[in-house]
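Counting along the sequence shown from 1, when you hit position 6 you're at 18 in the working numbering, and nothing is skipped either side.
Where a beta carbon is used, it is the ideal one built from N, C-alpha and C, also for glycine.
These numbers were taken from a predicted model, which means no experiment stands behind them.
First the structure, in the form of structure tokens, and then the observations on it.
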Amino acid sequence: MTRTPRPTALTAALALSLGALSLTGCSDDDQMAYQTDYANHQPLRVTGYPSVGSLRTVQQIVWHLADRNADALAALHTEDEDAGPKARAWIKTYAKDAQGQVTANFEDEGSVRQEVVLHFAESRRTQEITVRIDNETWGVILDSPNPAPESP
């Protein structure tokens, strides 16, 4: 007879494995800041198959929106132009929504680039984003926000 592991054992094993993965390439200060942000925000609901890097980046995007931190959001931008105006537009458009429940649908595989659809429960709007590796660091292509109504 095969025993099914208890949910708490599975949760603990997953937390340990994700913790070990997230430490790769991060300083202790980065890891502490991430853990603090994680504890201070609503959990992000996830569908699809994110990589560790794409998940962490999308979480940070949503957290920066919720905190109305345009500078931190702009710092995740991977393109060469000044992202300040776009980050402020994102804050204006999504800050309130990001404080509520958000689901991120990770499409395709995410080894170096991944398309993600954010679903904001509060407004029932969606926003597509692209997260990718740029100079060995995950970030986002911060386009102008283009909210769409949620499909029925």
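Check                                                                                                                                                           : Outcome
Is it the case that the Cβ atoms of Val172 and Ala116 are separated by a distance below 8 Å?                                                                    : Here the chain comprises residues numbered 13 to 164, so residue 172 is not present and cannot be evaluated.
May I ask you to list the residues that DSSP assigns as paired with Leu130?                                                                                     : Ala116, Gln139
I need the DSSP call for Pro97, collapsed to helix, strand or coil.                                                                                             : helix
Looking only at its chain, what residues have a beta carbon closer than 6 Å to the beta carbon of Leu33, apart from the 5 residues adjacent to it on each side? : With a pLDDT of 44 at Leu33, under the threshold of 50, the predicted position of this residue should be treated as unreliable, though the coordinate-derived value follows. Only Val64 meet the Cβ criterion.
Since Thr90 is in the alpha helix (DSSP H), which residue starts that stretch and which ends it?                                                                : First-last for Thr90: undefined, no H or E at that position.
Work out the CA separation of Ile141 and His131 for me, nearest whole Å.                                                                                        : 11 Å
Less than 8 Å separating the beta-carbons of Arg125 and Thr90?                                                                                                  : no
With 16 other CB atoms within 10 Å as the buried threshold, where does Tyr61 fall?                                                                              : exposed
To which residues does DSSP link Ile145 through a beta bridge?                                                                                                  : Trp150
Report yes if the CB atom of Leu154 is closer than 8 Å to the CB atom of Lys98, and no otherwise.                                                               : yes
Does DSSP classify Arg80 as helix, strand or coil?                                                                                                              : coil
Under 8 Å, do Val129 and Glu121 count as touching if we go by C-beta distance?                                                                                  : no
When DSSP labels each residue in this structure, what does Val64 get in the three-state scheme?                                                                 : helix
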